[in-house]
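Data first, discussion second: the structure below is written as structure tokens.
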Amino acid sequence: MSDTKRMALIATKGTLDMAYPPFILASTAATMGWEVGIFFTFYGLQLLRKDLSGIHISPLANPAMPMPVPMPVLMQVMPGMEAMATSMMKGTLKKKGVATLEELRTVCVESEVKLIACQMTVDLFDFKTSDFIAGIEYGGAATFLEFAGDADICLFI
Amino acid sequence: MDYDKEIDLRGLNCPLPIVKTKKQLGELGSGQVLKVVTSDPGSMRDMVAFTKATRNELLSSEEVDSEYVFFIRKS
Numbered sequence: 003m004s005d006t007k008r009m010a011l012i013a014t015k016g017t018l019d020m021a022y023p024p025f026i027l028a029s030t031a032a033t034m035g036w037e038v039g040i041f042f043t044f045y046g047l048q049l050l051r052k053d054l055s056g057i058h059i060s061p062l063a064n065p066a067m068p069m070p071v072p073m074p075v076l077m078q079v080m081p082g083m084e085a086m087a088t089s090m091m092k093g094t095l096k097k098k099g100v101a102t103l104e105e106l107r108t109v110c111v112e113s114e115v116k117l118i119a120c121q122m123t124v125d126l127f128d129f130k131t132s133d134f135i136a137g138i139e140y141g142g143a144a145t146f147l148e149f150a151g152d153a154d155i156c157l158f159i
Numbered sequence: 911m912d913y914d915k916e917i918d919l920r921g922l923n924c925p926l927p928i929v930k931t932k933k934q935l936g937e938l939g940s941g942q943v944l945k946v947v948t949s950d951p952g953s954m955r956d957m958v959a960f961t962k963a964t965r966n967e968l969l970s971s972e973e974v975d976s977e978y979v980f981f982i983r984k985s
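Chains as they are written, first to last, in the numbering used here: chain C, 3 to 159; chain A, 911 to 985.
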């Protein structure tokens, strides 16, 4: 094994709040000179789509989400609430100088983070490889485990 | 302190200060000094970890009026 540290992540969620942790950790680790791989499976696969505008956040069943005004659950199911929460959250992220998902993903791609799309999930949801950004790998659990077997850090997100 | 290049990263939040510092260091030669200014309080700790991991030398770090100033010598 080399001196280079290795981190292996599994990204399983496709909401805005859960999209940040894998991309922040991966881009930071790569910046620190680590070798990084992310396995995108189930809803996490959404994070590899060319167009990330479908990545939303919902206040529904998400009681920890800070809201400007307390909102009863029955109101959270109203049409347009998810879009509103998403645009609110994106606005806050921007105001606080947090990078967009696209920016962080670009850092990952440029610093050669290994991005592995779960082939089974691609088949399961009938995705096309043309839905995804270029330069990613397609593989299964064995592909990920082979990489993760030599990792210093392995996280399931 | 003398420096060869300065980068203003105020207003940016984790992990951008580290990411952009790394990018800028890449454009400097070995032994050159980069001055970095941030407003992210987390960068005080992060810059220590980053320079340690990348074996660059953190010459100094200080807080001045809620801003953070770092001098880093490229290895």
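Here a beta-carbon is modelled for each residue, glycine too, at the ideal position from N, C-alpha and C.
Cβ distance (whole Å) where residue i is taken to contact residue j below 8 Å
i: V929 of chain A; j: V109 of chain C; result: 6 Å
i: V100 of chain C; j: V38 of chain C; result: Contact doesn't hold; Cβ gap of about 20 Å is too wide.
i: I155 of chain C; j: M9 of chain C; result: 4 Å
i: S940 of chain A; j: S971 of chain A; result: 21 Å between Cβ atoms; not a contact.
i: I57 of chain C; j: L11 of chain C; result: In fact, because the Cβ distance is near 17 Å, the residues do not count as touching under 8 Å.
i: M957 of chain A; j: F981 of chain A; result: Not quite, the Cβ-Cβ distance comes to about 10 Å (not below 8 Å), so this is no contact.
i: I59 of chain C; j: D19 of chain C; result: 5 Å
i: T948 of chain A; j: P925 of chain A; result: Not a contact, Cβ separation roughly 12 Å.
i: L62 of chain C; j: V79 of chain C; result: 6 Å
i: G151 of chain C; j: Q121 of chain C; result: 19 Å between Cβ atoms; not a contact.
i: N923 of chain A; j: K98 of chain C; result: 5 Å
Close beta carbons around residue i, own chain, < 6 Å, minus the five adjacent residues each side
i: I917 of chain A; result: Q934, V946
i: R983 of chain A; result: V943, E967, L969
i: A32 of chain C; result: V38, S113, V115
i: E84 of chain C; result: H58, S60
Helix, strand or coil at residue i [DSSP, three-state]
i: Y990 of chain A; result: Because chain A is modelled from 911 through 985, residue 990 of chain A falls outside the range shown and cannot be assessed.
i: K962 of chain A; result: helix
i: V75 of chain C; result: helix
i: T948 of chain A; result: strand
i: R983 of chain A; result: strand
i: L11 of chain C; result: strand
i: E937 of chain A; result: coil
i: I155 of chain C; result: strand
i: S953 of chain A; result: helix
i: L922 of chain A; result: coil
i: P927 of chain A; result: helix
Residue burial classification, residue i (beta-carbon count within 10 angstroms, cutoff 16)
i: G16 of chain C; result: buried
i: A144 of chain C; result: exposed
i: R920 of chain A; result: exposed
i: G46 of chain C; result: buried
i: M911 of chain A; result: exposed
i: M77 of chain C; result: exposed
i: F158 of chain C; result: exposed
i: M3 of chain C; result: Here M3 of chain C scores only 49 on pLDDT, less than 50, and its place in the model is too uncertain to base an answer on.
i: K52 of chain C; result: exposed
i: D914 of chain A; result: exposed
i: A13 of chain C; result: buried
i: F149 of chain C; result: buried
i: T102 of chain C; result: exposed
i: T131 of chain C; result: exposed
i: A21 of chain C; result: buried
i: K932 of chain A; result: buried
i: L27 of chain C; result: buried
Neighbourhood of residue i by C-beta, 7 Å cutoff - its chain only, sequence neighbours within 5 removed
i: R107 of chain C; result: F25
i: T123 of chain C; result: T43, F44, L47
i: L50 of chain C; result: F42, L117, A119, F134, I135, I138
i: M91 of chain C; result: L18, I59
i: M69 of chain C; result: P61
i: T88 of chain C; result: L18, H58, I59
i: D950 of chain A; result: L922, N923, C924, P927
i: R965 of chain A; result: S985
i: W36 of chain C; result: T6, K7, R8, M9
Contact set for residue i: own chain, Cβ-Cβ below 8 Å, skip 5 residues either direction
i: M954 of chain A; result: S971, E973, Y978
i: E104 of chain C; result: L54
Contacts of residue i in chain D (Cβ-Cβ under 7 Å)
i: M34 of chain C; result: Looking for chain D here will not work: the only protein chains present are C and A.
- request: Identify every run of the alpha helix (DSSP H) within the segment 83-142 of chain C, keeping only runs that are complete inside it and at least 4 residues long; order them along the chain.
  value: 83-97, 103-112, 121-126
message: Could you tell me which whole alpha helix (DSSP H) segments of length 4 or greater appear in the segment 4-70 of chain C?
response: 18-33
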